[in-house]
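The sequence shown begins at 12 in our numbering and counts up one residue at a time. All C-beta atoms, glycine included, are put in the ideal place defined by N, C-alpha and C. Please read these numbers as outputs of a predicted model, since none were measured by experiment.
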Amino acid sequence: MEAQRSIEGIIATVSGPEPGSNVVVLVAVHGNEPCGVAAVERIVPTLTLARGTATFAIGNPRALAAGKRFIDANLNRMFREDAELDEAKKASYEYARSRELAPLLLGADALLDIHSSESPDADPFVI
C-alpha cells in the first residue's frame with residue numbers, strides 16, 4: 012500500500028478491520044468516460060468493508076481533465092510488454108501512466124475497470 016501514495020489519481024483507499032483481498036476499481040481510463048468517477052465519489056463516503064482493501068483510482072487523469080479520450084495514445088493498449096510497443100507509443104503519456112499504475116494493478120487480487128459510452132447503440136457489458 013505504501014507505493015500507492017506516489018500514484019497520481021488515487022481517489023480513496025478503504026480498508027476493513029480484517030485482512031482480506033485487495034481490490035482495485037479503475038475509472039476514467041478514457042478521459043471522456045467520467046461516469047465511473049461520479050459513481051465512486053458517491054459510493055466511497057458510505058462504503059465500509061468487513062475485510063480487505065479497495066483502492067479507487069483514476070486511470071488517465073490528464074485525459075479526464077482535458078475531457079478527451081486520451082492525450083497521446085489509448086491507455087488500454089499500453090498495458091503490454093515493451094517489445095510489443097513501438098517507440099512512439101513508449102514516448103506517450105499513456106505509456107508512462109501504464110507503468111505508474113502497474114504496481115497497483117499487479118498487486119490486486121481483483122480489478123474492476125469501469126467504462127461508459129454515450130452511443131445509443133452501445134450495449135452494457137461486463138468482462
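DSSP beta-bridge partners for Arg62?
Here residue 62 refers to the residue found at position 51 of the sequence shown. DSSP lists Glu29 as partners of Arg62.
Cβ shell of Cys62 (< 6 angstroms), same chain only, five flanking positions each side left out:
Along the sequence shown, one-based indexing puts residue 62 at 51. Per the sequence shown, the amino acid found at residue 62 is Arg instead of Cys. Gly27, Glu29 and Gly31.
Cβ-based neighbour list, Arg80, same chain, cut-off 7 angstroms, excluding 5 preceding and 5 following
Locating residue 80 in the sequence shown gives position 69, where the first residue counts as 1. Within the same chain, Arg80 has close Cβ partners His41, Gly42, Asn43 and Ala74.
Going by DSSP in three states, Leu37 sits in which element: helix, strand or coil?
Sequence index remark: in the sequence shown, residue 37 carries index 26 (1-based). Here Leu37 sits in strand by DSSP.
Measuring alpha carbon to alpha carbon, tell me which of Ala49, Glu111 and Ile125 ends up nearest Val38.
Reading the sequence shown from its first residue, position 27 is the one you call residue 38. For the residues Ala49, Glu111 and Ile125, the minimum Cα distance to Val38 belongs to Ile125.
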